[in-house]
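Student:
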Amino acid sequence: MYGSDSIPDDPDRTAFRKTEKYKLYYDSTSKSVRKKKLPRPVDLLEVIDFKSVSETFARTGELRCGVTKVENRFDKPVFGLDECPGFYFIPAALRIEEECRWIKESLVSFPQPPNRTNHNAVYGGIHNLFNAAKNKQVLVKEDSVADDATFHNHKWASSEELDSSVNGDNCKPVPAAVLLRKLRWSTLGLQFDWSKRSYNVSLPHNKIPDALCQLAKKMAAPAMAVGEEFQPEAAIVNYFGSGDMLGGHLDDMEADWSKPIVSMSLGCKAIFLLGGKSRNDEPLAMFLRSGDIVLMSGEARERFHGVPRIFTDTEHAEIGYLEKQLSDEDDICYLEYIKTSRININIRQVF
Ligand code: SIN
């Protein structure tokens with residue numbers, strides 16, 4: 219998941235892995251520990267930029283080779299790729315207010331039980347993580363189960379309240395800020411069981427929030443057959459920090475691949491790789507910015523895809539406009555998070 223110092227030169231690496239040249243690597247020429255390591259510059263010339271495609275199209279009516287404009291009922295243009303039926307890109311699909319809303323929901327309400335997160339395995343369901351991080355609290359074991367080696371019974375405490383006698387060496391208090399940084403995913407609606415790579419319908423769950431459902435239905439429209447409506451039943455929220463990546467994979471656990479996955483980007487800009495049906499097919503690289511929506515349906519669902527890079531530096535993250543929108547005192551905590559992070563919400567019809 220993390221940035222590394224050198225690019226492995228293995229001749230057996232698949233075409234997909236080779237395109238992970240976009241990954242965050244650090245220049246390690248300097249031996250001086252005091253010198254800050256700098257990200258290695260990467261050639262971005264081949265990365266498709268749908269923002270510029272959209273701007274050029276609005277100005278001149280022209281499209282770059284391989285890109286098509288898809289007829290739709292939105293006020294925003296929707297683009298497709300000649301070589302990839304079932305793939306749709308809606309640049310700047312969300313309004314700034316919508317971006318902020320879904321950033322906040324992704325941090326505050328989406329990781330709340332019964333939704334599961336990557337922290338469940340160690341800590342069980344954690345309530346109010348974001349607020350606890352904001353209030354600089356720490357997670358401690360409950361007094362009544364001090365001899366239990368797990369953290370499944372826990373509570374938030376301020377550092378002043380810490381009673382070190384309750385938490386032995388095995389269960390040191392964990393700052394909420396650390397848990398928030400290590401939050402990698404949460405699941406909404408029908409819960410996905412990562413160990414079995416399938417939906418476990420018997421796990422307790424809430425329905426996908428109505429506003430998210432409505433948004434997904436609207437955005438899915440270009441990929442739906444006439445007269446059909448997308449039925450959002452599950453969503454996976456991915457949280458990326460600097461150096462995090464998502465390797466090439468297929469989202470193949472849903473019953474009907476003709477239905478799209480509606481994938482929403484929030485926060486720092488990223489590179490998305492859209493490969494072929496085999497890992498040996500060289501992927502296309504494209505930028506994903508906050509507010510962009512990608513749909514993958516039909517044939518596109520059979521293509522490997524991944525996210526090798528997010529840009530957290532102020533020059534490339536392209537989220538300056540969110541600073542104004544999140545400048546109220548109450549919102550600073552969201553801004554601090556999103557300045558160095560990306561969130562992806564991907565919404566699925568399971569059956
Ligand atoms: C995914 O493919 O599961 C997520 C893609 C993204 O982060 O944009």
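First residue of the sequence shown: 219, per the working numbering; consecutive thereafter. Glycine residues also receive a C-beta, built at the ideal position from the N, C-alpha and C atoms.
(1) So is residue 383 buried or exposed if we call it buried at 16+ other beta carbons inside 10 Å?
(2) Indicate whether residue 552 and residue 325 have their beta-carbon atoms separated by less than 8 Å.
(3) Would the C-beta of residue 506 count as close to the ligand MN, meaning under 7 Å from any of its heavy atoms?
(4) Compare the C-alpha of residue 376 against each of 486, 532 and 393 and name the closest.
(5) Note the first and the last residue of the continuous alpha helix (DSSP H) segment covering residue 538.
(6) Report the CB separation of residue 316 from residue 508 in whole angstroms; it is logged as a contact under 8 Å.
(7) For the stretch 297-307 against the stretch 490-507, do three or more pairs of beta-carbon atoms, one drawn from each stretch, fall closer than 8 Å, so that the two count as touching?
(8) So what does DSSP say about residue 335, is it helix, strand or coil?
(9) Using the C-alpha atoms, what's the distance from residue 447 back to residue 434?
(10) Compute the beta-carbon to beta-carbon distance between residue 403 and residue 349, rounded to the nearest angstrom, for a pair I have assumed lies under 8 Å.
(11) Considering only DSSP beta bridges, list what residue 374 is partnered with.
(12) With H, G and I counted as helix, E and B as strand and the rest as coil, what does DSSP make of residue 383?
(13) Label residue 270 either buried or exposed according to how many other C-beta atoms from any shown protein chain fall within 10 Å of its C-beta, with 16 as the threshold for buried.
(14) CA-CA distance, residue 499 and residue 441?
(15) Does the Cβ of residue 275 lie closer than 7 Å to at least one heavy atom of the ligand SIN?
(16) Please list the terminal residues of the continuous alpha helix (DSSP H) segment that includes residue 489.
(17) Relative to the C-alpha of residue 401, which candidate in 359, 328 and 391 has its C-alpha closest?
(18) Give a single yes or no on whether residue 469 has its beta carbon closer than 7 Å to a heavy atom of the ligand SIN.
(19) With H, G and I counted as helix, E and B as strand and the rest as coil, what does DSSP make of residue 516?
(20) So, for residue 556: in the same chain, excluding its five sequence neighbours on each side, which residues have a beta-carbon less than 6 Å away from its beta-carbon?
(21) Apart from the five residues just before and just after residue 373, which ones in its own chain have a Cβ nearer than 7 Å to its Cβ?
(22) Which partner residues of residue 405 appear in the DSSP bridge assignment?
(23) Measuring CA to CA, which of 529, 418 and 302 is closest to residue 257?
(24) Comparing C-alpha positions only, which one of 427, 370, 260 and 563 sits nearest to residue 513?
(25) What would DSSP say about residue 560, mapped onto helix, strand or coil?
(26) Should the stretch 417-435 be called in touch with the stretch 454-465, which here means at least 3 C-beta pairs below 8 Å?
(27) May I ask you to list the residues that DSSP assigns as paired with residue 523?
(28) Is it buried or exposed, residue 351, if we count other Cβ atoms within 10 angstroms and call 16 or more buried?
(29) Just the Cα atoms here: how many angstroms apart are residue 410 and residue 443?
(30) Can you list, in chain order, the residues of its chain with a C-beta nearer than 6 Å to that of residue 334? Leave out the 5 residues immediately preceding and following it.
(31) How far does the alpha helix (DSSP H) with residue 425 in it reach, from first residue to last?
(32) In angstroms, rounded to a whole number, what distance separates the CA positions of residue 547 and residue 535?
(33) Nearest to residue 283 by CA position, among 289, 275 and 290, is which residue?
(34) Below 7 Å, is the gap between the Cβ of residue 568 and the nearest heavy atom of the ligand SIN?
(35) Drop a sphere of 10 angstroms on the beta-carbon of residue 296, count the other beta-carbons inside from all chains shown, and report buried for 16 or more, exposed for fewer.
Tutor: The short version:
(1) Unreliable placement is indicated for residue 383, whose pLDDT of 49 sits below 50; the coordinate value is still reported in the next sentence. Exposure of residue 383 is indicated by the presence of fewer than 16 other C-beta atoms within 10 angstroms of its C-beta.
(2) Contact: yes.
(3) Questions concerning the ligand MN fall outside what the structure shown contains, since the ligands it does hold are the ligand SIN.
(4) It is 393 whose Cα lies nearest to the Cα of residue 376.
(5) Where residue 538 is concerned, the enclosing alpha helix (DSSP H) stretches over 538-543.
(6) Their Cβ separation, rounded to whole angstroms, is 10 Å, which puts residue 316 and residue 508 out of contact at 8 Å.
(7) Judged by Cβ distances under 8 Å, the stretch 297-307 makes contact with the stretch 490-507, as three or more pairs qualify.
(8) Secondary structure at residue 335: strand, using DSSP grouped into helix, strand and coil.
(9) If I take the Cα positions, the gap works out to 10 Å.
(10) The Cβ separation is near 20 Å, so there is no contact.
(11) For residue 374, which the question treats as bridged, DSSP gives the partners 357.
(12) Confidence in residue 383 is poor, its pLDDT being 49 and thus under 50, which makes the residue's placement unreliable; the coordinate value appears in the next sentence. Coil.
(13) Residue 270 is exposed by the Cβ-count criterion.
(14) Looking at the two C-alpha atoms, the distance is approximately 24 Å.
(15) For the ligand SIN, not one heavy atom lies less than 7 Å from the Cβ of residue 275.
(16) It is not in any alpha helix (DSSP H) - residue 489 instead sits in the beta strand (DSSP E) that spans 488-492.
(17) Selection 359, 328 and 391 evaluated against residue 401 yields 328 as nearest (Cα-Cα).
(18) Flag set: Cβ of residue 469 near the ligand SIN.
(19) Reduced to three states, the DSSP call for residue 516 is helix.
(20) Here residue 556 has 321 and 485 as same chain residues with Cβ atoms under 6 Å from its own Cβ, once five neighbours each way along the sequence are excluded.
(21) The residues are 358 and 360.
(22) Beta bridge pairing from DSSP links residue 405 with 334 and 454.
(23) For the options 529, 418 and 302, the alpha carbon positioned closest to that of residue 257 is the one of 529.
(24) Comparing alpha carbon positions, the residue from 427, 370, 260 and 563 closest to residue 513 is 563.
(25) Strand, per DSSP.
(26) Short answer: they don't touch.
(27) Bridge partners of residue 523: 467 and 492.
(28) Buried, since its Cβ has 16 or more Cβ neighbours within 10 Å.
(29) Computed Cα separation, rounded: 26 Å.
(30) Within the same chain, residue 334 has close Cβ partners 405 and 409.
(31) Note, residue 425: premise wrong, no alpha helix (DSSP H); not H, not E.
(32) Rounded to the nearest angstrom, the two C-alpha atoms are 22 Å apart.
(33) Ranking the options by Cα distance to residue 283, first place goes to 275.
(34) In terms of side-chain proximity, the C-beta atom of residue 568 is found no nearer than 7 Å to any non-hydrogen atom of the ligand SIN.
(35) Classification of residue 296: buried, given that the 10 Å Cβ count is 16 or more.
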